[in-house]
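Quick note on my numbering: the sequence shown kicks off at 1 and runs consecutively. C-beta: ideal position from N, C-alpha, C; glycine also.
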Amino acid sequence: MTLDVALVGGGLANLLIAWRLADRRPDTTFRVLEAGSVLGGNHTWSFHGSDLDPDSLPWVVDLARGTWDGYEVRFPTLTRSLRGRYHSIGSEQLSARCRERFGDRLETNARVVEVTPDRVVLADGSRIDARCVIDGRGWGAPSGIAVGYQRFVGLELRLTGPHGLSRPVIMDATVAQDGAYRFMYAVPLAPDVVLLEDTAYADRPEAPMAESRQAIDRYAAHRGWTIAEVVRTESGALPIPLTGGLEALRASWVPGVPTVGVRAGLFHATTGYSLPYAVHVADLVASLDRLDSASLAPTLERLARSVWRRQRFFRLLNRMLFFAAAPEERYRVLQRFYGLGEGLIERFYADRLTPWDRLRLVTGRPPVPFFRGLACLPERIPTFSR
Ligand SMILES: Cc1cc2nc3c(=O)[nH]c(=O)nc-3n(C[C@H](O)[C@H](O)[C@H](O)COP(=O)(O)OP(=O)(O)OC[C@H]3O[C@@H](n4cnc5c(N)ncnc54)[C@H](O)[C@@H]3O)c2cc1C
């Protein structure tokens, strides 16, 4: 039997596509093929309500584990509460909802070894034919793109008493800044449960587990919290592109195969977050008149091309963040950013900056040494190096 859609990779992008196909085209036959033993990996995917199109918000928020009215940031000389709504989706919860809804249309331990526009071959030699094959196998680490990393170790902690946080603290950069821009990310998931993530913008992807554990323990103690139990651990390293053209990105795509998610470069280059782009693509795919590889591949490529081009500006900011200041001083870039207008901050996260916003971000009293900032302007790694 030929399927309508074969979704290669059971990560965020493809699970959301499956979700929207079931909502909007319930007759579509599809299968999700995931190499790992779980769907969606082990993540907490957060986003600002203003990152999404208003029409998408209700169905995405329905999948959320938590929703808060506003969030906070903390820096050495700035503490600020921002109004925008903030949401988090847990991969475990998303996976459970998908399992309940899709049953055996989801296959785990199904590693795909060959992808073509109308067929996939699994490691066990079985073959699946489909009119549309969608490649969502995650970041392809193309060699022509220089990246730094946003790496983190997160612990979901049950405390011995209430933590007293009413909203997430998405950056607490009052922590020690050793060797990188570092901050703690704190999300209150229940009155006595908090997710604490020790986060760094670092040159290397490896997460220092023991060191992060100590940093989290120190932070909890500093806030007066006593840890009763570690409920869950998550860690990761999100690529933060510094330079690179779309052609380099395309090197990890299979010609003629529609590519989605971070593999397609559909993520915010400065935060590494991909959820808003994945939502947009899920709605787009589910709304098309024709759903086959030949029509979807160029549509998605056009989208990826325009996002990658637009994000040239974010890659410039990334070079400034990584190279223009000494590691202990990098927090100043973000501290200055969070002192700007709330509308601009929202548009930054939503990847909807206006030309005026861009100007505002790179002018004014510079948070980094002027000449080092200047050297970051061309899209290449500055010669004074990392
Ligand atoms: C720990 C963590 C936290 C994050 N938090 C956020 C956040 O708060 N907000 C946000 O927007 N973004 C966040 N991100 C970034 C980004 O949204 C995620 O990386 C997101 O999961 C990317 O979605 P994706 O579908 O493109 O890739 P993935 O979710 O990585 O999915 C790719 C899937 O393909 C599978 N696969 C790979 N090769 C094969 C194969 N040969 N055959 C079959 N399957 C295969 C993989 O096992 C994987 O499950 C986070 C990332 C990490 C790592």
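Give the range of the alpha helix (DSSP H) segment to which residue i is assigned.
i      : result
GLY387 : Limits of the chain in this structure are 1 at one end and 386 at the other, which puts residue 387 out of reach.
PRO117 : Run containing PRO117: none; DSSP gives neither H nor E here.
TYR219 : 209-222
ALA22  : 12-24
PHE314 : 312-323
ALA269 : Element bounds for ALA269: n/a, residue is neither H nor E.
ARG31  : Looking at the DSSP string, ARG31 is not in any alpha helix (DSSP H); the run it does join, the beta strand (DSSP E), is 30-33.
TRP356 : 355-362
LEU57  : 57-61
GLU379 : Element bounds for GLU379: n/a, residue is neither H nor E.
Quick check: the Cα distance between residue i and residue j, rounded to an integer number of angstroms?
i      : j      : result
GLY11  : LEU106 : 11 Å
ARG386 : ALA324 : Annotation note: pLDDT 49 at ARG386 (below 50); position unreliable, coordinate value reported separately. Rounded to the nearest angstrom, the two C-alpha atoms are 9 Å apart.
VAL285 : ILE17  : 7 Å
LEU340 : VAL73  : 13 Å
PHE60  : ALA146 : Strictly speaking, residue 60 in this sequence is Val, with Phe absent from that position. Approximately 32 Å between the Cα atoms of the pair.
ALA269 : ILE240 : 6 Å
ASP51  : VAL362 : 22 Å
GLY390 : GLU34  : There is no way to answer for residue 390, as the model of the chain reaches only from 1 to 386.
GLN93  : VAL169 : 22 Å
SER166 : TYR71  : 9 Å
LEU78  : TYR338 : 8 Å
PRO98  : GLU328 : Checking the displayed sequence, the identity of residue 98 turns out to be Cys instead of Pro. Between CYS98 and GLU328, the C-alpha separation is close to 43 Å.
PRO142 : SER88  : 29 Å
THR2   : ILE128 : 7 Å
LEU321 : ARG305 : 24 Å
LEU15  : GLY40  : 8 Å
PHE113 : VAL121 : Here residue 113 turns out to be Val, not Phe, going by the sequence shown. Rounded to the nearest angstrom, the two C-alpha atoms are 6 Å apart.
TRP139 : ARG360 : 31 Å
ASP124 : GLY36  : 14 Å
ALA173 : PHE75  : 5 Å
VAL230 : ARG158 : 6 Å
SER46  : TYR86  : 7 Å
ALA176 : HIS280 : 37 Å
ARG213 : THR233 : 10 Å
GLY245 : THR67  : 36 Å
MET171 : TRP356 : 25 Å
PRO255 : ALA248 : 14 Å
GLU379 : LEU242 : 8 Å
ALA221 : GLY161 : 13 Å
SER293 : GLY136 : 14 Å
TRP225 : TYR149 : 29 Å
PRO298 : TRP253 : 12 Å
GLY49  : GLY84  : 7 Å
Considering residue i, what are the terminal residues of the beta strand (DSSP E) in which it resides?
i      : result
TRP68  : 66-75
PHE47  : 44-48
PRO188 : 181-190
GLN150 : 146-159
TYR201 : 193-202
VAL230 : 227-243
SER81  : 78-90
LEU7   : 3-8
ASP135 : 127-135
Using DSSP with H/G/I as helix, E/B as strand and the rest coil, what is residue i?
i      : result
TYR331 : helix
ASP104 : helix
THR259 : strand
VAL175 : coil
VAL38  : coil
VAL169 : strand
ARG386 : Bear in mind that the predicted position of ARG386 carries a pLDDT of just 49, short of 50, making it too unreliable to give a figure here.
TYR277 : helix
TRP253 : coil
ASP27  : coil
PRO142 : coil
GLU247 : helix
LEU94  : helix
LEU387 : Since the first residue of the chain shown is 1 and the last is 386, residue 387 is not available in this structure.
PRO162 : coil
GLU301 : helix
To the nearest whole angstrom, what separates the beta carbons of residue i and residue j, a pair I think is in contact under 8 Å?
i      : j      : result
ALA237 : GLY261 : With 8 Å as the limit, ALA237 and GLY261 do not qualify as a contact, their Cβ atoms being about 16 Å apart.
ALA200 : TYR181 : 7 Å
ARG19  : ALA264 : Residue 19 is actually Trp in this sequence, not Arg. Contact doesn't hold; Cβ gap of about 18 Å is too wide.
VAL8   : THR28  : Actually they do not touch by this definition, with Cβ atoms about 16 Å apart.
GLU100 : PHE152 : Not really, about 30 Å apart at Cβ, beyond 8 Å.
SER235 : ALA215 : In fact, because the Cβ distance is near 13 Å, the residues do not count as touching under 8 Å.
At a cut-off of 7 Å, would you count residue i as near ligand 3, judging by its Cβ distance to the nearest heavy atom?
i     : result
GLU34 : Ligands in the displayed structure: ligand 1; ligand 3 is not one of them.
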